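Residue 49 in the numbering used here is what sits at position 48 of the sequence shown, and the numbering runs on without skipping anything. The C-beta atom is built at its ideal place from N, Cα and C for all residues, glycine as well. Note that the structure is predicted; figures quoted are calculated from it, not measured.
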Amino acid sequence: MTSGDVDVTAADWEREPDPSDSLRTFGAVVQALREHAGLSRADFGTRVRFSKHTVESVELVRRMPDESFVERAEEALGNTGALRKAARHLTRGEPGLAAWFRQWARLEKVAVSLCTYECRLVPGLLQSEGYMRALCDNDIPPLTDGELEATIAARLERQQLLYERPNTTFDFIVEEAVFMRRLGGVAVTRELLDNVLALSARRNVTLQIMPADSEYHACLAGPVRLLETPDCRRLAYSEGQENGRLIADPKEVGRIQMRYARLRSQALSPKDSAGLLERMRGAL
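Structure, rendered in structure tokens:
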């Protein structure tokens, strides 16, 4: 873009090598509205002061639209508000992350606090690379080599949150049974425990283990994540097989927060949790 807000070349925009679902939807809506208005891409480009190539790239999900494109397209296509609202949910594709998880992953990057309860596997932010590979090796249907490497790369990149956001608090409650499962073998489990102990020693990370012999448990409904945004909004996320759900309803989020708070009182303290993991590590 030039200083006069006129499109000069599509090279100014970042290419989208792996478009997200939200980008695909936005591109389809722009194309449908443009065609409904009886405009060719060239004619529409003239109206919004972008090239025909840029219009085509947005519609075919090769480019991420910037704010000026959204505003001009909205005005040119009737000011219905549809494009402005859709643009709020735009995310870039993230290879290796499930489509249903991408919106939550985007929220993680701006959160001031993150809380995770997990009963199935070690949370992604705490996984070692060997453990990640063991998870991928057990995936059904099997991943291709390219998919596996993309998944590993995406998970390792996501872990940078722990380092890049030192003022964000990361709290984890994980079932003891998760660490008892020697996924990938003894060597992988040793590496995993070393990694978890090192990360949980960081000032912005707290890890609590829920003992397997506990008589009480406040989160029997399943794993869950909670976060707080910079504008003090509280959101939750629940995931199952082949799906995930972002929870924004204040009452529902409030109930999950109550369960998580009770679970924290039932789990081992961070110090006792670290001691348990060290004993498990020594027994391998």
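Should residue i go down as buried or exposed, given a rule of 16 or more other Cβ atoms within 10 Å for buried?
{"i": "Cys233", "result": "exposed"}
{"i": "Asp13", "result": "Note that Asp13 has pLDDT 31, beneath the 50 cutoff, so the model's placement of it is unreliable and no number is given."}
{"i": "Ile141", "result": "exposed"}
{"i": "Ser58", "result": "buried"}
{"i": "Pro231", "result": "exposed"}
{"i": "Arg35", "result": "buried"}
{"i": "Thr145", "result": "exposed"}
{"i": "Ser129", "result": "buried"}
{"i": "Arg16", "result": "Note on Arg16: pLDDT 44, under 50, position unreliable in the model; the coordinate value appears next. Exposed: under 16 other Cβ atoms inside 10 Å."}
{"i": "Gly185", "result": "buried"}
{"i": "Thr152", "result": "buried"}
{"i": "Pro292", "result": "Because the chain is modelled from 2 through 285, residue 292 falls outside the range shown and cannot be assessed."}
{"i": "Val71", "result": "buried"}
{"i": "Asp273", "result": "exposed"}
{"i": "Pro66", "result": "buried"}
{"i": "Val9", "result": "Model confidence at Val9 stands at a pLDDT of 26, short of 50, so the residue's coordinates are unreliable; what they give is reported in the following sentence. The residue in question, Val9, is exposed, as its Cβ has fewer than 16 Cβ neighbours within 10 Å."}
If you measure from the beta carbon of residue i to each beta carbon in chain D, is any gap under 8 Å?
{"i": "Gly245", "result": "Structure shown: chain D not included; a single protein chain is present."}
By the DSSP assignment, the beta strand (DSSP E) with residue i in it spans what residues?
{"i": "Val225", "result": "Val225 to Glu229"}
{"i": "Thr117", "result": "Ser114 to Glu119"}
{"i": "Tyr238", "result": "Arg235 to Gly241"}
{"i": "Gln267", "result": "Run containing Gln267: none in the beta strand (DSSP E); it sits in the alpha helix (DSSP H), Pro251 to Gln267."}
{"i": "Leu208", "result": "Val206 to Met211"}
Looking only at its own chain, which residues have a Cβ that is under 7 Å from the Cβ of residue i, when we skip the five neighbours before and after it?
{"i": "Ala77", "result": "Phe45, Arg48 and Val49"}
{"i": "Ala74", "result": "Val31, Val49 and Leu84"}
{"i": "Leu269", "result": "Gln209, Ile210, Pro212 and Leu277"}
{"i": "Leu285", "result": "Val187, Thr190 and Arg191"}
What whole-angstrom Cβ distance do residue i and residue j have, given they're in contact under 8 Å?
{"i": "Phe51", "j": "Gly245", "result": "About 34 Å; that fails the 8 Å criterion."}
{"i": "Leu126", "j": "Phe180", "result": "With 8 Å as the limit, Leu126 and Phe180 do not qualify as a contact, their Cβ atoms being about 15 Å apart."}
{"i": "Gln267", "j": "Ala219", "result": "6 Å"}
{"i": "Ala275", "j": "Leu198", "result": "6 Å"}
{"i": "Val113", "j": "Thr169", "result": "6 Å"}
{"i": "Leu115", "j": "Ile174", "result": "That pair is no contact at about 12 Å."}
{"i": "Gly131", "j": "Glu176", "result": "Incorrect: roughly 20 Å between the Cβ atoms, too far for contact."}
{"i": "Ile248", "j": "Ala237", "result": "4 Å"}
By the DSSP assignment, the alpha helix (DSSP H) with residue i in it spans what residues?
{"i": "Phe45", "result": "Arg42 to Val49"}
{"i": "Asn168", "result": "No alpha helix (DSSP H) contains Asn168, which DSSP labels as neither H nor E."}
{"i": "Gln161", "result": "No alpha helix (DSSP H) contains Gln161, which DSSP labels as neither H nor E."}
{"i": "Gly245", "result": "No alpha helix (DSSP H) holds Gly245; the beta strand (DSSP E) holding it covers Asn244 to Ile248."}
{"i": "Gln291", "result": "Nothing in the structure corresponds to residue 291, since the chain is present only between 2 and 285."}
{"i": "Val123", "result": "Here Val123 belongs to no alpha helix (DSSP H), and DSSP marks it neither H nor E."}
{"i": "Gly283", "result": "Pro271 to Gly283"}
{"i": "Asp22", "result": "Asp22 to His37"}
{"i": "Val179", "result": "Glu177 to Met181"}
{"i": "Asp195", "result": "Val187 to Ser201"}
Thinking C-alpha only, which one of the options is nearest residue i?
{"i": "Val123", "options": "Asp146, Gly255 and Leu136", "result": "Leu136"}
{"i": "Asp250", "options": "Glu243, Arg42 and Leu227", "result": "Leu227"}
{"i": "Leu278", "options": "Arg263, His90, Cys116 and Asp195", "result": "Asp195"}
{"i": "Leu108", "options": "Leu162, Ala155 and Val62", "result": "Leu162"}
{"i": "Thr117", "options": "Leu149, Glu229, Leu193 and Ala199", "result": "Glu229"}
{"i": "Val62", "options": "Trp105, Gly28 and Thr190", "result": "Gly28"}
{"i": "Gln258", "options": "Arg35, Ala222, Arg159 and Gly185", "result": "Ala222"}
{"i": "Arg204", "options": "Leu157, Ser215 and Arg166", "result": "Arg166"}
{"i": "Val206", "options": "Gln242, Leu184, Tyr217 and Tyr164", "result": "Tyr164"}
{"i": "Leu149", "options": "Arg134, Gly79 and His90", "result": "Arg134"}
{"i": "Gly241", "options": "Gly39, Leu157, Arg121 and Asp67", "result": "Arg121"}
{"i": "Trp105", "options": "Glu119, Arg159 and Asp273", "result": "Arg159"}
{"i": "Ala202", "options": "Pro271, Leu40 and Gly39", "result": "Pro271"}
{"i": "Asn80", "options": "Glu119, Ala38 and Asp67", "result": "Ala38"}
{"i": "Arg282", "options": "Ala188, Ser215, Glu243 and Leu40", "result": "Ala188"}
Who are the Cβ neighbours of residue i in its own chain at under 6 Å, not counting the five residues just before and after it?
{"i": "Ser239", "result": "Val225 and Arg246"}
{"i": "Val290", "result": "Look at the range of the chain in this structure, 2 to 285, and you will see that residue 290 is not part of it."}
{"i": "Arg260", "result": "Ala219 and Cys220"}
{"i": "Arg183", "result": "Thr190"}
{"i": "Arg235", "result": "Glu229 and Val254"}
{"i": "Pro18", "result": "Low local confidence applies: a pLDDT of 45 at Pro18 is under 50, so the model's placement there is unreliable, and no value is given."}
{"i": "Ala33", "result": "none"}
Which same chain residues, not among the five before or five after residue i, have their C-beta less than 8 Å away from its C-beta?
{"i": "Ala87", "result": "Ser23, Thr26, Phe27 and Val30"}
{"i": "His90", "result": "Ser23 and Gln104"}
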